[in-house]
Amino acid sequence: MAWLDYGLRFAHILGAILLVGGIVFQRCVAVPALDPARDPTSGPDADRSRQRWGRLILAGIALLLVSGLVQTALVSIAYRFPNGEYNPVLGVKILAALAIMFVASVLAGRSPVSRKWQRAPRRWLNLLVVLSVTVLLLAGIMRKAERVPKKSDAANEPTWGVTMR
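Going by the numbering used here, the first residue of the sequence shown is number 3, and it counts up by one from there.
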């Protein structure tokens, strides 16, 4: 089942690249390129940019949610964490990731609430960059967390394809 591990890992990394890459691109390229004298929430360039970015946001969120939930379930089935650091870090990471997904979705949206948030894109995109870096740092902590297989004779038991270390 190593193919499942690699597939889930690839999907999760691809989702993160789409979401975080889109955020950084919007903050560093798209928003500064708009004429500051105009309303940044209107105009054909802003609308096209938001529409395309919205597709990337949706794809990234879908990949992250599906692969993240499956990976979390598989790791929870196969391992226990004696130091107790993994689950709290996972909880904070999930909350930060959900905040990223929400704010990015609102910024890419077309509703009246979205238009209101889009009037200050730099503020929200800066927040998204900070949250994204935080999630990446938390993922590094989780990766190094001590884990012990739940079965004492783990060499003879299937691990459901989980080889996260």
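Positions of the beta carbon are idealized from the N, C-alpha and C atoms, including for glycine. Treat the numbers as computed from the prediction; the structure is a model and nothing was measured.
At which residues does the alpha helix (DSSP H) containing Lys146 begin and terminate? From DSSP, the alpha helix (DSSP H) with Lys146 extends over 123–146.
So, is Ala48 buried or exposed, given that buried needs 16 or more other C-beta atoms within 10 angstroms? Under a 10 Å Cβ-count criterion, Ala48 is classified as buried, with 16 or more other Cβ atoms of the shown protein chains found around its own Cβ.
Could you check whether the segment 83–95 touches the segment 138–156, counting it as contact only if at least three pairs of C-beta atoms, one from each stretch, sit closer than 8 Å? Contact holds: three or more Cβ-Cβ distances are below 8 Å.
If you drop the 5 nearest sequence neighbours on each side, which residues of the same chain put their C-beta closer than 7 Å to that of Val150? Excluding sequence neighbours, Val150 sits near Tyr81, Arg82, Pro84.
Between which two residues does the alpha helix (DSSP H) containing Asn85 stretch? Boundaries cannot be given for Asn85, as no alpha helix (DSSP H) includes it and DSSP labels it neither H nor E.
At what residues does the alpha helix (DSSP H) containing Ser116 begin and finish? Residue range 114–119 is occupied by the alpha helix (DSSP H) that includes Ser116.
Which stretch, first to last residue, makes up the alpha helix (DSSP H) that contains Arg11? Residues 4–27.
Closest Cα partner of Val137 within the set Ala110, Leu100, Gly62: Per the Cα distances, Leu100.
How about Ala1 and Ile59: do their beta carbons lie closer than 8 Å? Here the chain has residues from 3 to 167 only, and residue 1 is not among them.
For Pro151: DSSP bridge partner residues: Listed as beta-bridge partners of Pro151 by DSSP are Tyr81.
Rounded to whole angstroms, what is the Cα-Cα separation between Ile79 and Lys153? Looking at the two C-alpha atoms, the distance is approximately 10 Å.
Roughly how many whole angstroms lie between the Cα atoms of Leu133 and Gly23? Distance between the alpha carbons of Leu133 and Gly23 is about 13 Å.
Let me check understanding here. Comparing Cα to Cα, which of Ser69, Ala106, Arg124 lies closest to Ile15? Per the C-alpha coordinates, the member of Ser69, Ala106, Arg124 positioned closest to Ile15 is Ser69.
Check this for me: beta carbons of Leu10 and Gln73, under 8 Å apart or not? Yes, the Cβ-Cβ distance between Leu10 and Gln73 is below 8 Å.
For Val115, is the classification buried or exposed, using 16 other Cβ atoms within 10 angstroms of its Cβ as the cut-off for buried? Label assigned to Val115: exposed.
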